[in-house]
Structures are given as C-alpha cells and as structure tokens.
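First comes the structure, then the notes that go with it.
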Amino acid sequence: MFIKQEYIVYMGSLPEGEYSPSSHHLSLLQEVVKDSSSENVLVRSYKRSFNGFSAKLTSEEAQKLASKKEVVSIFPSTTLQLQTTRSWDFMGFNVTASGKRGTHSDLIVGVIDTGIWPESESFNDDGFGPPPRKWRGVCEGGENFTCNNKIIGARHYSFSSARDDLGHGSHTASTAAGNIVKKASFYGLAQGTARGGVPSARISAYKVCGPGSCQSSDILSAFDDAIADGVDIITISIGANQAQEFDTDVIAIGGFHSMAKGILTLQSAGNNGPVLGSVASVAPWIFTVAASSTDRRIIDKVILGNGKTLVGNSVNSFSLKGKKFPLVYGKVASRECKHLEASLCYSGCLDRALVKGKIVVCDDVNGRTEAKRAGALGAILPISFEDISFILPLPGLSLTEDKLNAVKSYLNSTKKPSANILKSEAIKDNAAPEVASFSSRGPNPIISDILKPDASAPGADILAAFPPVLSPTDDTADKRHVKYSVMSGTSMACPHAAGVAAYVKAAHPDWSASAIKSAIMTTAWPMNVTERSDGEFAFGSGHINPATAIHPGLVYETQKSDYIQLFCGLGYTAEKIRQISGDNSSCSKAARNTLPRDLNYPSMAAKVAVEESFRIKFHRTVTNVGRANSTYKAKIFSRSSLKIKVVPEALSFKSLKEKKSFAVTIVGRDLTHNSILSASLVWSDGSHSVRNPIVVYGGEDEFTTPSAYN
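Counting along the sequence shown from 1, when you hit position 603 you're at 586 in my numbering, and nothing is skipped either side.
Structure representation (structure tokens):
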C-alpha cells in the first residue's frame, strides 16, 4: 500500500494570455495519478497571484510530477511554527506621528497568522469610512464573524472560521495596525495606550494556523489571496525551524510574488537564538525582523523568611497581600516519584497534601503547570531567558541559577522556611535596545553573502490585543480572561517593523518594496556590539527608527530583474527562471557569474576562507529620494582591522530619482572560523545619514543547525 501525503507543486508565475490554471492542474494530476480521479487528490489550486497547486500524492507520483517541464519544484506540505505599547513611544514614534487619517486609511495590512478577534477595541471601526476603492478582497470569516471598516477582509484555510483561537494573530495585528486604546494593561501591568504603528490603516486577516498547526499549503494559499486582494504590506510571524532553499520555502515563494507586485513582506527571524546560523527567514526580497528589548522591563521579587529579597522574571498579576507562606522543595513534596522527577515537578509528581497552601520550588520551568494542578499557592522556577518574562498561571517567578541556589540554601537552613512573592512591576531598562537572547542569529545559511536578519524591532514583553475568551497562559486550569496580554518573540517584533513599513508606504505610495525596506534599514539606530550580542548577525542594520524612515535621503533599490540575475548566479536553469518570472528572462554569461554580494542590498556581507588574506569588492547603486541638488560624502566607521576604500568618495545629484553607483573594496587577513569583523559606511549630505553595515566573517564548515524552540 502506498501512503499519500500532501505535496505542494510550485509552477512559477501565471502565464500571460488565455490560461485556465485549474484545468491545467487537473490535467497534470491525471497524467500521474492512476488509482483515482484527479479531482479527488487535488487539495487546492493557487491561481490568483501565481501558479501551482497542492495534492495528495504518493512519493512515486510526486517524482513523476517533478519531471514535468511546467513544474519549478515539488515538496511536501509541512507544519511551520508561530514565532511568538510602550514600544512605539520608546522608538520616538508618538500618537501624533502615527495616528494621522487621510493617506493612512487607504493602507491595507495583510496579516497571515492565527486569525483575529474582530470585537476587540483595537479593531473597532469608529470614524472609519468605507474600504479603499483598490480593495478586491472579501469577508469570509465564517459563522458569527463580522468584518467592519477596520477589518475589511478575512479568510480561513483548513479551519471553520477566521476567528483567533490562540491569541497570536490578534496580538500581531493590533501591534501593526491596531487602534489607539487608552488605559490598556495586563491586570495593571504595562499600563498605557495600546496602538499599532498605523492605527488608521485597514487590516485583512488570513487564518493559516490553529492549535499545533500552520500548514505550508495554507500559507501559500494566503499569499495567493492577499496579493490579489490588494494589500499593501504583508506581515507573517511564522517560520520553519531552519532555513530552506527558496523554491521549497512557501514564504519565500509567496514573498517573491508579492515583491513583484510592489508588496513588501515582513517575516520574523525565528526564536532559535542565540545559535549562530539559526535565522530561518533568509530570502533577500523579504524583510527579516529580529527581536529586541524596550526600556520597559517586567520583573518580580520574592522575599524570603530571612528578609532576603531576590529579583527575578515573571508577568505575575497575583498578590499575596504581603503575607509569607510556607516554602517547600518539590523533591520532598512527592510520594509517587523519585527525587529527580520530583525536584523537577514532573506531571503527576507533586502530592496535593504536601503542597497545598505552600510555595513550591521546582528545578524545571515547566513545573509551573504541575504546581498549579497540585494546588500549590505559588512556584519558584529556574529561568529560561534572562531578558524576557512569561505569564504564569499562579503566583510565581523565575530566578537565575545562583538565586535559585540561594533559595535552596535558605530552605536547608531553617525548619520553617517561608516566602512572599510580590506582584510584578515594570522598571526602566536603560540598556535598551538589546537583541533578545532567543532571537535567531545569522549568518545566512542559504546565501552566505546576504546579511540576515535585516533589522531589529521590539519583541520582548509586548502588550497587545488578546481574545477575552482565552486564558493568557497555556494552562487549562488558568481561568483568567484578558483583553490585552503580554507576549515575547520575533513574532512580536515583525508587526512592529510592518507598522513602520506601512507608515513609509503611506508617505511614499509610489515606492517599491525594496525602497521601503532600504529606507527602514539605512535609517536604523546603530546598536552596541557586545560579546553576547553577536553583532550584526543578531541585529542586522540596527534597530528600526520610524521617525527617520520616511526621510532616508538615498535608497538601494532591487527589482524583480535583479533577483532573476541572482537566480542566474545561483545556478537556476533558464527554464526554471522563465517559469518563476513569467516572462522570457534568460541568463547571460555575465549573469551566470553574478555574485550574491553584488545584489543591490542595503547591507554588505562576505564569507571568506579562514586564516587567509582576502580582497572583496562590493558594487552598489543608490537612488536619490531626498533633495534634488545634493552631494553625499562617504565616511567609514570601523571597530576592526579591515581596510575599506569607497570609490567615488562623493556622490552629487542634480535631480530626484537620479541614480549613482559606487564600489567598496575591503582588504584583510587571518580570520578564524566564525569570527566576525564589522564596520559601517555612512553617506551624508548634512541632513540625511544613509548607513550600511559591512560584515566580513570567516567560515569553511557549515554553522550549527539549531534545535527547535518555540
């Protein structure tokens, strides 16, 4: 018996002229499927914005299809992962700047995620007029789902409704384009005005994820619809655990076709940091977003019976009202499990009679669920990440190893140990912004000479909209319900960058996707390179700066033809390139010799052989979008031993949209494996500063592929 599974068959761009995608797809299937009708195995056709389909096939049938000349690639449909207020003010982007109506209300942000909660205040349509004339989408939200003039579109795939049953999609949508909602908080924590980057923009929601499932075939359907519906920006906080080749990566495929239509796609970098080479979003036409901190941190404190106060992390809404309660180690609070399992507070280990009314100390962060189940009053846990806090289902906090050991020492020092866990509080973090430890790092494992991620945005302890019928934790025993919740992840960073992209698009509606991306990257705040941060592999060009992104001065533009030339250099066949492009594109001999580092990208990166001398040359072209008559002078800022020369050192423009080219030559030697040298090139005319990061790193072997973390 042959096992069938769902395969995605990607066929490139839609052919011009008279063409019936559905008929062609069924015809292809009929040629390879012998034991059943082609209609029975076809799952869906992609026919609005690009060409392809998904179908239930055996591996033998998939191999036969792969040999067809019309097929660019065929690959199994897989499950991808979600990569899960004050933040806008922290970036100097106040309500006045972001809240303008007018051109902003013509913008449509497409959110590919877990759906949306339409009744949230963040999506109220008071003051909104009808949808923009360009809108070609529909509201297919399912039963009891109503769109309005804020949420103008909704679709769902493999689900019965576009309603958000996880909270992730509502959170990301409100971060990108949610309304201004005053006095939002999580039980008084992180209180302030919740809003998106462009509160006046419209939203179209595409539900591709539910509990435990984000099917890649659904994601490709969402791109197919979003592009045809007429969205201006696409934000997707979903990704694989590791980078994939472009022709088997559904987000890269969808993002390429959105780019060709002038739509910028922004994607979260992934949560597999701080492992080098763990970034999963690597396509150069996609804006890859890392996560960083803001100047507000949420912390918690525990006061031991001996008077010692220890500071830890948690989003703890509970108060013990100043009282101290008995403290017990999980290891001695079990009659069923061995000491090791009990100390970790494994499921079913804690004895209700031994923990009731007490605070339990566990050696595993997941012990919080068992502590709640067993009826413990609170929990003290080891820390997962020192730079973010998680919502707990009971009074509790996470401590670093040394502080947790201090608690254990106190437990052993007295016959009646006790403690009081305080309600969490927000404190000022003067070190912000810093890249979050979980944020996936470069270098780019697919194209080593394209720097990824592209930039960083707030992704730690972010307050945003949440479905009020859901618990804010994954614990079914947690009966709390909130309208706004706190989450962390590159999932939260991505819609921040999408909000900025929409803001730039509103200011410059005729700009290409690459011009918008360049404007955000070249105006980003420089971030400090520390031993822990991994430098540009962590934050790319730096931290997004909305206020300056609309006035970049110069932009680095890349068109569809530039990416076709990149494909030539990467060795794609002429036939495959014509299918992807949908035109008669071909590869000249010069195009076949194109180096990825010469793509007109707003950053510069090169991988060189270890312990050898090197000489690298980058070629770039900038377009003037600042003042008509202006001269930009080049300046190099370097912390390294690299010798860098720019030719010419000055660029003079006489008109807007005029283009000028330059070359950057870098000379150095003796880099070791994984070592990184960086600098930056800044073009300035006295009022604009256009900054390019420059990264050279040593490597011969592949960087470590990370294990999954979500």
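Ideal Cβ positions, reconstructed from N, Cα and C, are used throughout, including at glycine.
On a predicted model such as this, the values are computed, not experimentally measured, just so you know.
For the pair the segment 266 to 284 and the segment 237 to 253, tell me if three or more CB-CB distances fall below 8 Å. yes
request  = Give me whichever residues DSSP pairs with D96 in a beta bridge.
outcome  = By DSSP's assignment, D96 forms a beta bridge with K190.
Have a look at D370 and Y312 and give me their C-alpha separation to the nearest angstrom.
26 Å
(message) Please report the distance separating the alpha-carbon of S300 from that of T456.
(response) 12 Å
Next item on the list: Quick one: residues in its chain with C-beta nearer than 6 Å to the C-beta of L337, no 5 flanking neighbours on either side, listed in chain order?
Entry: A316
Fill in: Residue environment, G195, which counts as buried when at least 16 other CB atoms sit within 10 Å
exposed
- Endpoints, beta strand (DSSP E) assigned at L634: A633 to F636
### Task
Please report the Cβ distance between S586 and N675, rounded to the nearest whole angstrom; I am assuming they are in contact, meaning their Cβ atoms lie under 8 Å.
6 Å
_Considering just the uninterrupted stretch of the beta strand (DSSP E) at D283, what are its terminal residues?_
Residues R279 to L287.
### Query
Among Q225, E384, I404 and G358, which has the Cα closest to the Cα of D283?
I404
- Selected residue, minimal CA-CA separation from N583, among T648, F169, P441 and S497: S497
Closest to R610 by C-alpha separation, out of V538, A184 and M470, would be which residue? V538
Residues in its own chain within less than 6 Å of G425 by CB, not counting five upstream and five downstream? V262, K435 and F520
For F206, does the three-state DSSP call read helix, strand or coil?
helix
Exercise. Count the C-beta pairs between the segment 164 to 180 and the segment 194 to 214 that are closer than 8 Å, then say yes if the count reaches three, no if not.
Key: no
Fill in: Contacts around K626, its chain only, beta-carbon distance under 8 Å, and the 5 residues preceding and following it disregarded
I649, V650 and G651
Supposed close pair G523, S439 - CB separation, criterion 8 Å = 7 Å
Discussion item. Pull the bridge partners of T218 from the DSSP assignment, please.
Written reply: V94 and L249
Item checked: Contact between the segment 598 to 608 and the segment 546 to 560 (3+ Cβ pairs under 8 Å) -> no
Would DSSP call H491 helix, strand or coil? coil
message: Using 8 Å as the threshold, is the C-beta distance between A573 and P535 below it?
response: no
Self-check item: Given R622 as reference, the closest of K590, E595 and V679 once Cα atoms are compared
Solution: V679
Exposure label - N224; buried when at least 16 CB within 10 Å
buried
Q.
Just to confirm my understanding: we take P(-2), look at its own chain, exclude 5 residues before and 5 after, and list those with CB closer than 6 Å. What are they?
A. none
Opposing strand residues paired with G38 [DSSP bridges]:
It should be noted that the sequence gives Ala, not Gly, for residue 38. Answer is Y(-10) and L25.
**Message:** Report the start-end ranges of each beta strand (DSSP E) in the segment 540 to 620 that is 3 residues or longer and not cut off at the edges.
**Reply:** Within the segment 540 to 620, the complete beta strand (DSSP E) runs of at least 3 residues are 587 to 591 and 596 to 607.
Next on the checklist: Within a Cβ cutoff of 7 Å, which residues of the same chain sit near R561, ignoring the five residues on either side of it in sequence?
Outcome noted: N567 and S568
Please determine, among T505, I445 and I(-9), the residue with the shortest C-alpha to C-alpha distance to I281. Nearest to I281 by C-alpha distance, out of T505, I445 and I(-9), is I445.
**Prompt:** DSSP state of C122, grouped into three classes?
**Reply:** If DSSP states are grouped into helix, strand and coil, C122 belongs with the strands.
Taking the straight line between their C-alpha atoms, what separation do you get for K244 and I210? 8 Å
In whole angstroms, what is the alpha-carbon distance linking L11 and L327? Straight-line measurement puts the Cα of L327 at about 55 Å from the Cα of L11.
Exercise for review: Go through its chain and collect everything with a Cβ distance to L360's Cβ below 7 Å, but skip five positions before and after it.
Suggested key: F308, G340, K341, I342 and P378
Any contact between the segment 43 to 55 and the segment 137 to 144? By contact I mean 3 or more CB pairs, one from each, below 8 Å. no
Q | Which of helix, strand or coil DSSP assigns to A402 | A | strand
Query raised in the report: Going by the CB atoms, is the gap between S204 and Y29 shorter than 8 Å?
Result: Yes, they are a contact pair.
The segment 179 to 196 / the segment 118 to 137 touching (three or more Cβ pairs under 8 Å):
yes
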